[in-house]
Amino acid sequence: MTFAGIPIRPGTDPPDLRSCVDYIRSANRPTTADLLAAAQADGRVLIQPRCGVGDHGRMLDLLRDLRDGAAPDILSVTVDAHTRLLRFAEAERALREDPYRLNGYPLVTHGWRRGRELAESVDVPLEVRHGSPDPRDLFVTAIASGITSFEGGGIGYNLPYVKDVPLEVSLGAWAEVDRACGVLAEHGVIVERELFGTLTAVLMPPSLCLAVCVLEAVAAAAQGVRCISVAYPQGGNAVQDVAALASIRTLAARYLPDTVTVYPVLHQFMGAFPGDPALADALILYGGLVAKWGAATKVVVKTNQEAYGIPDAAANIRGIRTTRVALSHLLDGFGVDQAAVREEQEWIEREVADLVDPVLQSGDLTTAIAAAFRSGRLDVPFSASIHAHSAVMPRRDPTGAIRIARPGSLALSTETKARNERLLRDAGPRGDEGFVAAVKADIERFSAAVGH
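So the sequence shown is residues 115 to 566, counted in our numbering.
Now the structure itself:
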């Protein structure tokens with residue numbers, strides 16, 4: 115048996131496609147795609163926290179607490195590590211013995227009926243956030259639950275997360291999910307697909323983030339996906355971050371058909387956070403300002419407990435409220451140098467073109483993507499996977515912008531390589547001696563900050 119073309123795992127019992135479509139269309143709440151379209155039309159930035167705990171009752175309470183305490187526009191169901199890796203027996207055992215051990219909500223194990231309880235518990239849409247290279251079972255459960263926002267892709271949810279899943283395998287699994295999104299669109303249900311450009315979240319050069327998202331978006335559009343969010347991780351230099359967000363719409367117009375609507379999303383700083391709550395709050399405020407200046411359609415917020423582990427509801431509420439201050443008219447008098455943004459945007463887009471154009475011109479996209487990573491012409495810094503070289507090494511320039519210090523075999527032009535080298539001329543050690551310490555300092559730029 116299949117669900118919109120996806121094989122149904124034995125032992126599961128999702129409703130048929132027609133029943134799911136009817137349930138979703140009868141729900142008395144907007145979808146994420148609805149909210150994104152309205153926000154973009156109005157020039158607003160939607161706010162979404164991350165949240166996910168193992169116990170069903172606690173998850174219901176968490177969603178309601180966040181709704182009542184901060185009124186976010188979208189809420190999350192962050193999934194546990196066992197489910198991400200298809201270890202459903204382990205998830206079931208942990209749920210039975212001690213659900214508090216789980217680092218997220220095991221949606222497949224809880225099942226679609228409980229998923230519907232989550233969706234019906236609040237009046238805003240939910241998004242499933244996970245990290246799975248093979249999300250097919252999770253996707254079927256999410257749709258059966260009435261959740262029509264699903265994060266990830268065959269590159270971004272493979273190379274940063276797992277050691278040995280070939281790209282052909284993960285891209286194939288995600289193609290089935292995207293094809294199912296196309297089937298659902300034909301039935302009037304638009305699934306929003308957020309692409310995880312954040313990748314490893316460690317000193318990610320914007321062009322690498324966006325190149326991966328462009329390739330995943332082209333693949334998704336070919337399968338019939340109609341609504342795509344491209345998520346970019348805040349790097350820490352406002353000009354560069356605003357330029358990267360602005361690039362998303364330009365790149366979408368260049369590479370995607372007009373049947374696809376694309377929204378830029380900012381993930382507030384995903385690297386090492388300061389332990390001082392006041393400094394953490396300041397970094398969250400900074401992220402809200404970048405989302406506003408970059409005309410993001412959505413911002414995914416952090417909390418001032420990031421340095422210590424999984425945040426509680428109170429910290430999430432504070433992060434949402436802090437971000438809302440940044441998005442308010444109170445800080446309208448602040449901004450960034452638009453000429454500097456335009457220059458940075460032009461170079462980001464040139465680097466993305468260097469990286470993706472040869473891949474898109476190489477025939478079958480899945481084969482071409484896998485070949486590009488095998489050769490190092492595409493790469494991800496600090497990847498967990500043996501299927502990425504991780505030869506590219508980033509550094510911060512003296513302004514804090516993230517540049518490519520060692521390009522490895524990346525398919526960058528002579529001009530773009532030369533610019534990165536020039537901007538890093540005063541950034542410190544280039545040889546092996548001292549380079550690792552300098553990279554470490556760049557990674558810890560915010561976590562090492564000390565309040566006075």
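Where is the CB? At the ideal position from N, CA and C, for every residue including glycine.
Predicted, not measured: the structure shown is a model, and the values here were computed from it.
Expected contact under 8 Å - CB spacing of residue i and residue j to nearest Å
i: L469; j: S321; result: 6 Å
i: A325; j: L492; result: 7 Å
i: Q459; j: V414; result: That pair is no contact at about 22 Å.
i: I304; j: T145; result: 7 Å
i: R509; j: A541; result: 5 Å
i: P213; j: D251; result: Incorrect: roughly 20 Å between the Cβ atoms, too far for contact.
i: T197; j: L221; result: 7 Å
i: S263; j: L281; result: So it is not a contact: roughly 24 Å between Cβ atoms.
i: V356; j: V450; result: 5 Å
i: T312; j: M384; result: 5 Å
i: I518; j: N534; result: 5 Å
i: V328; j: L365; result: 6 Å
i: V238; j: G218; result: With 8 Å as the limit, V238 and G218 do not qualify as a contact, their Cβ atoms being about 19 Å apart.
i: L150; j: Y369; result: Wrong, their Cβ atoms sit about 19 Å apart, outside the cutoff.
i: L317; j: I516; result: 5 Å
i: V159; j: L441; result: 5 Å
i: A498; j: Y275; result: 6 Å
i: G245; j: E330; result: G245 to E330, Cβ: 14 Å. No contact.
Nearest candidate by alpha-carbon position, reference residue i, set the options
i: V332; options: A505, V222, I483, V135; result: I483
i: H501; options: G350, L445, G157, N272; result: N272
i: R243; options: A345, A184, A151; result: A345
i: V291; options: G268, V279, P274; result: G268
i: P121; options: W288, G171, H443; result: W288
i: C323; options: R432, L189, P495, V553; result: P495
i: L216; options: G270, I424, L329; result: I424
i: R307; options: A360, P249, V316; result: P249
i: P512; options: R539, M115, L441, V339; result: R539
i: A525; options: A485, I516, R559, L209; result: A485
i: I188; options: I161, V553, D136; result: I161
i: R228; options: E465, M173, S361, A152; result: M173
i: F253; options: I398, T126, K554; result: T126
i: A155; options: A409, I398, G401; result: A409
i: Y400; options: V353, H503, S235, S361; result: V353
i: E265; options: R210, S343, S235, G302; result: S343
Cβ shell of residue i (< 8 Å), same chain only, five flanking positions each side left out
i: A421; result: A386, F387, P388, G389, A394, S561
i: P371; result: A335
i: G338; result: D292, R293, C295, G296, V297, A299, E300
i: A429; result: T417, N418, Q419
i: R139; result: G302, V303
Sequence-distant residues of its chain with Cβ nearer than 7 Å to residue i (five each side left out)
i: W226; result: P128, T255, A258, S259
i: A563; result: P388, L393
i: A184; result: I431, I434, R435
i: S489; result: S523
i: N465; result: Strictly speaking, residue 465 in this sequence is Glu, with Asn absent from that position. Excluding sequence neighbours, E465 sits near S321, L526, T530.
i: H566; result: Summary for H566: the model assigns pLDDT 46, below 50, so the residue's position carries little reliability; its value from the coordinates is reported in the next sentence. Cβ neighbours of H566 beyond the five flanking positions: none.
i: M115; result: I122
i: A141; result: G260
Beta-carbon contacts of residue i that lie in its chain and below 6 Å, excluding the five residues immediately before and after
i: L298; result: V305
i: G514; result: G350, N351
i: A118; result: L131, A294, V297
i: D278; result: I500
i: R123; result: D251
i: C341; result: A147, I304, E306, T375
i: G548; result: none
i: M507; result: A519, R520
i: R164; result: S190, T192
i: A153; result: L160, T411
i: I362; result: V344, P378
i: P247; result: Y271, N272, V276, V279, S284
- Query: Quick one: complete beta strand (DSSP E) runs, 3+ long, within the region 149–202?
  - Reply: Entirely contained in the region 149–202, the beta strand (DSSP E) runs reaching 3 residues are, in chain order, 160–163, 189–192.
- Message: Report the start-end ranges of each alpha helix (DSSP H) in the region 464–548 that is 4 residues or longer and not cut off at the edges.
- Response: For the region 464–548, whole alpha helix (DSSP H) runs of length 4 or above, ordered along the chain, are 479–489, 528–537.
- Item | Sufficient close CB pairs (3 or more, under 8 Å) joining the region 445–458 to the region 202–213 | No, they do not touch.
- Start-end ranges of the beta strand (DSSP E) lying completely within the region 334–362, minimum 3 residues: For the region 334–362, whole beta strand (DSSP E) runs of length 3 or above, ordered along the chain, are 341–347.
- Item | Length at least 4, wholly inside the region 353–420: the alpha helix (DSSP H) runs in chain order | Listed in chain order, they are 391–407.
- Is it true that the region 177–188 meets the region 391–405, where meeting means three or more beta-carbon pairs spaced less than 8 Å apart? These segments do not touch.
- Item | Entirely enclosed alpha helix (DSSP H) segments - the region 268–331, minimum 4 residues | Listed in chain order, they are 281–300.
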